[in-house]
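Report on the structure given below.
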Amino acid sequence: MTAPQVVPHHIAIVMDGNGRWANRRFLPRVAGHKQGVDVLRRCVKDCAQRGVSVLTVFAFSSENWNRPAEEVSGLMDLLAMALAREVPQLKADGVRLFFVGERAGLSAKVRAGLAQGEAATAENTRLILNVCFNYGGRWDITQAAAKLAGQGAPVTEASLAGALALSHVPDPDLIIRTGGEQRLSNFLLWQAAYAELYFSDKLWPEFDDAELGQAIAAFNQRERRFGKTSAQLKSPDGVAPSMAEAQKC
Ligand code: IPE
Ligand code: IPE
Ligand code: MG
Numbered sequence: 005m006t007a008p009q010v011v012p013h014h015i016a017i018v019m020d021g022n023g024r025w026a027n028r029r030f031l032p033r034v035a036g037h038k039q040g041v042d043v044l045r046r047c048v049k050d051c052a053q054r055g056v057s058v059l060t061v062f063a064f065s066s067e068n069w070n071r072p073a074e075e076v077s078g079l080m081d082l083l084a085m086a087l088a089r090e091v092p093q094l095k096a097d098g099v100r101l102f103f104v105g106e107r108a109g110l111s112a113k114v115r116a117g118l119a120q121g122e123a124a125t126a127e128n129t130r131l132i133l134n135v136c137f138n139y140g141g142r143w144d145i146t147q148a149a150a151k152l153a154g155q156g157a158p159v160t161e162a163s164l165a166g167a168l169a170l171s172h173v174p175d176p177d178l179i180i181r182t183g184g185e186q187r188l189s190n191f192l193l194w195q196a197a198y199a200e201l202y203f204s205d206k207l208w209p210e211f212d213d214a215e216l217g218q219a220i221a222a223f224n225q226r227e228r229r230f231g232k233t234s235a236q237l238k239s240p241d242g243v244a245p246s247m248a249e250a251q252k253c
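For the sequence shown, our numbering puts the final residue at 253, and the numbers step up evenly by one.
Set out below in C-alpha cells:
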C-alpha cells in the first residue's frame, strides 16, 4: 500500500513563460499574459480542491518595469481587469486575497482595485492567495529593515521576519517555477530558506492540475532535514541513535 501524499501547506509559484508561449503562436506577449490569468484562475481552484492552504504567485517583479513600455502598460491593464472580473468568484470560492509588493509605484486605479479585492475577501478562510505584484525579495527585506529602524526596534530574525510583507503566512513548503529556468529571480529570498524547489519545463500558460500533481509527488519524495541528519528524522524521539545503538540493530 502506498502512503497517502502530503499536501504542501504553502505552495509558491513563479509563473514564467507567458511571453514564449505567445511568441510560439505569433501572438503579442500580452496575449500570453492573458492566457496566464486563465491558468491562474484554474490553478487557484485546483489548489483549493487539493487542500493547499496558501498559494503565493509571482505576477510582476520589481525588475519587470524594465520591459518595453507597451508590455508594462498591458500588464497593468490586465491586473485592473482581472481584479474587476475575478474578485466576485474568489469571494464565492472562499479565497482570501492579499497583494504583496510596493504599491507606491502603481496607478491610483490599480491601488484602489487591490484594496477593494482584499476588503471583499477579508472574511474568507478556505485558501489564502498572495499575489506578488511589483514585488522583489530585496525590496521586501529592505522595507522590513527600514520599518524596524524607523521604530528603533532591535533587529532579530523574528522581528525582521515579522516586518516582511508575507508575515501573515508561514514560509512556503514548495516553490514551483515554470518555463524551464532554474533561478529565483528575486522571489521570496528570505522565505525560500528551506522550501523545496521544483522546476517545470512547461510554460505557465500550459500548466495544469496534472503538472501540479507532479510537483506535489516530487515534493513527497524529498526528505526535509532542516539541518538535521537523516537518522535524527527517522528515530521516534527525534534524537540520532548513538553508534553503539546503531550497531546493535
Ligand atoms: C512571466 O512570463 C510573467 C511576467 C514576468 C510578468 P514572461 O513574460 O517572463 O515569459 P517569458 O519568460 O518571456 O517567456
Ligand atoms: C520572474 O520572471 C518574474 C515573474 C514571473 C513575475 P522573469 O521572466 O522576469 O525572470 P527572468 O528575467 O527570466 O529572471
Ligand atoms: Mg520570463
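Think of the CB as a built atom: it goes at the ideal place given N, C-alpha and C, for glycine as much as any other residue.
Checklist entry - What's the gap between the Cα of residue 17 and the Cα of residue 108? => result Cα-Cα distance, rounded: 24 angstroms.
Checklist entry - Going by the beta-carbon positions, is the gap between residue 167 and residue 152 smaller than 8 angstroms? => result Their beta carbons are under 8 angstroms apart, which means residue 167 touches residue 152 by this criterion.
Checklist entry - Which ranges would you report for the beta strand (DSSP E) in the stretch 156–191 if only whole runs of at least 3 residues count? => result List check, beta strand (DSSP E) in window: 178–181.
Checklist entry - Can you name the residues that DSSP bridges to residue 100? => result As computed with DSSP, residue 100 is found in a beta bridge with 132.
Next on the checklist: To the nearest angstrom, how far is the alpha carbon of residue 203 from that of residue 143?
Outcome noted: Whole-angstrom Cα-Cα distance: 24 angstroms.
Checklist entry - Hey, would you say residue 140 sits closer than 8 angstroms to residue 65, going by beta carbons? => result Cβ distance < 8 angstroms, so residue 140 and residue 65 count as in contact.
Checklist entry - Got a sec? Which residues, its chain only, sit under 8 angstroms from residue 91 by beta carbon, not counting five neighbours each side? => result So the list reads 101, 120, 121, 124, 125, once near-sequence residues are dropped.
Item to check | For residue 215, the three-state DSSP class (helix, strand or coil) | outcome: Looking at residue 215 - three-state DSSP - the assignment turns out to be helix.
Item to check | Pair within 8 angstroms by beta-carbon distance, residue 178 and residue 223 | outcome: One thing to note: residue 178 has its Cβ within 8 angstroms of the Cβ of residue 223.
Next on the checklist: Run through the DSSP bridge pairs and tell me what residue 200 is partnered with.
Outcome noted: Paired residue(s): 178.
Item to check | Beta-carbon separation (whole angstroms), residue 48 vs residue 133, contact threshold 8 angstroms | outcome: Yes, they are in contact, since the Cβ atoms of residue 48 and residue 133 sit about 6 angstroms apart, within 8 angstroms.
Item to check | Within 8 angstroms, strictly: CB atoms of residue 135 and residue 104 | outcome: For residue 135 and residue 104, yes; Cβs fall inside 8 angstroms.
Checklist entry - Using 8 angstroms as the threshold, is the stretch 194–202 in touch with the stretch 31–40, meaning 3 or more CB pairs across them? => result Remark: fewer than three beta-carbon pairs, one from each stretch, lie closer than 8 angstroms, so the stretch 194–202 and the stretch 31–40 are not flagged as touching.
Checklist entry - Within 10 angstroms of its Cβ, does residue 182 collect 16 or more other Cβ (buried), or is it exposed? => result Classified as buried, residue 182 has 16 or more neighbouring CB atoms from the shown chains inside 10 Å of its CB.
Checklist entry - Are three or more beta carbon pairs between the stretch 147–163 and the stretch 71–85 nearer than 8 angstroms? => result At 8 angstroms Cβ cutoff, the stretches do not touch.
Item to check | Simplified DSSP state of residue 11, which is helix, strand or coil | outcome: Coil at residue 11, not helix or strand.
Item to check | Own chain partners of residue 228 with C-beta closer than 6 angstroms, once the 5 adjacent residues on each side are dropped | outcome: Once the five neighbours on either side are set aside, residue 228 has no close Cβ partner at all.
Checklist entry - By Cβ distance below 8 angstroms, which residues in the same chain neighbour residue 9 in space, the five residues on each side in sequence not counted? => result Here the set comprises 220, 221, 224.
Item to check | Residue environment, residue 4, which counts as buried when at least 16 other CB atoms sit within 10 Å | outcome: Past the edges of the chain, shown from 5 to 253, lies residue 4, and the structure says nothing about it.
Checklist entry - In whole angstroms, what is the alpha-carbon distance linking residue 127 and residue 94? => result When rounded, the distance between both Cα atoms is 12 angstroms.
Checklist entry - Quick one: what does DSSP say residue 146 is sitting in, helix, strand or coil? => result Residue state, collapsed to three classes: helix.
Checklist entry - Quick one: what does DSSP say residue 91 is sitting in, helix, strand or coil? => result The answer is helix: DSSP assigns residue 91 an H, G or I state.
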